[in-house]
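In mature numbering (1 follows the signal peptide of the UniProt record, and there is no 0), the protein residues as written are -26 to -1, 1 to 187.
Note that the Cβ used here is the ideal one computed from N, Cα and C, for glycine as well.
What follows is a short report on a single structure.
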Amino acid sequence: MRSPSSPVHTSRLVAAAALLAIGVSACTPAEQGGATSTAPALPAFTTTSPTTSTTTPTAEATDYGRLLLTADDLSDAEDTFVERTKTATPDGVPGSSAFFVNEKDTRAITDTVLIYPDAATATAMLKQATDTLGTLVSGGTPKSANVGADSVVVSGTKPDEESAVTVLLFTEGRALVRLRFESATGDATTDRFVTSVGKMQRIALRIGLADEQ
């Protein structure tokens, strides 16, 4: 899987910047020999915050789906993605999650953003999420990713299933992000593509969260 084509995505982010001054998942790509349109279960991010906080009605009503990447952001010369589902407040936490598949239903991406009261809480929740990576990916060792100082990525196989999976975690301000990439065994998502998508989501959050201030 190659990196998204730079002209389309650069223009989108530049335009957005101009407007500023922007678990266990069951997302399943098609098995070889057939397609599926089954919507995924929500990612199992830990939702118990180490600090006590109360979510206000205003925060609950916020449309955080605008912070997520779009199908166009993920598409490139090799794959055209479409958004299959989008869910607000995944696991009851303010945020949004979207599930994308390519046209052949052979590759899938889940983009989940959870919004916490502050950056310290998001960082603490990242640590909790990192500790659960072994339940999401088998045969891989978590390592630092080139998507920020706290980013971590692990690649391997989906437990008990014949599919390749890569999970990327990082924070941006008070947001915690999990990007999950699934594909057929032997067709693992490239590090370059994972990093490119992660950086785009980080920029989108940086701009989008600044709009709230």
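Once DSSP output is grouped into helix, strand and coil, what is the label at residue i?
i	result
residue 111	coil
residue 119	coil
residue 169	helix
residue 130	strand
residue 42	coil
residue 51	coil
Can you give me the Cβ contacts of residue i inside the same chain, cut-off strictly under 8 Å, excluding the 5 residues immediately before and after it?
i	result
residue 148	89, 90, 91, 92, 93, 95, 96 and 183
residue 179	41, 87, 146, 147, 149 and 151
residue 162	129, 138 and 140
residue 104	116, 126 and 143
residue 124	97, 100, 144 and 145
residue 39	60, 62, 70 and 72
Tell me which residue opens and which closes the alpha helix (DSSP H) that residue i is part of.
i	result
residue 96	93 to 105
Around the C-beta of residue i, are 16 or more other C-beta atoms found within 10 angstroms, so that it is buried, or is it exposed?
i	result
residue 156	buried
residue 159	exposed
residue 133	exposed
Where do the N-terminal and C-terminal ends of the beta strand (DSSP E) with residue i fall, by residue?
i	result
residue 85	81 to 89
residue 142	137 to 146
residue 162	From DSSP, residue 162 is part of no beta strand (DSSP E); its letter is neither H nor E.
residue 66	Looking at the DSSP string, residue 66 is not in any beta strand (DSSP E), and its letter there is neither H nor E.
Would the C-beta of residue i count as close to the ligand HEM, meaning under 7 Å from any of its heavy atoms?
i	result
residue 66	The model on display carries no ligand, and the ligand HEM is accordingly not part of it.
Closer than 6 Å by C-beta to residue i: which residues in its own chain qualify, once you throw out the five before and the five after it? Chain order, please.
i	result
residue 62	70
Measure from the C-beta of residue i to each C-beta in chain D and report whether the shortest distance is under 8 Å.
i	result
residue 43	Reference to chain D is not applicable here, since this structure consists of a single protein chain.
Apart from the five residues just before and just after residue i, which ones in its own chain have a Cβ nearer than 7 Å to its Cβ?
i	result
residue 36	68
Quiz item: Any contact of the stretch 134 to 148 with the stretch 168 to 178, i.e. 3+ C-beta pairs under 8 Å?
Solution: yes
Quiz item: So, do the stretch 109 to 123 and the stretch 50 to 68 have three or more beta carbon pairs nearer to each other than 8 Å?
Solution: Result no; under three Cβ-Cβ pairs closer than 8 Å.
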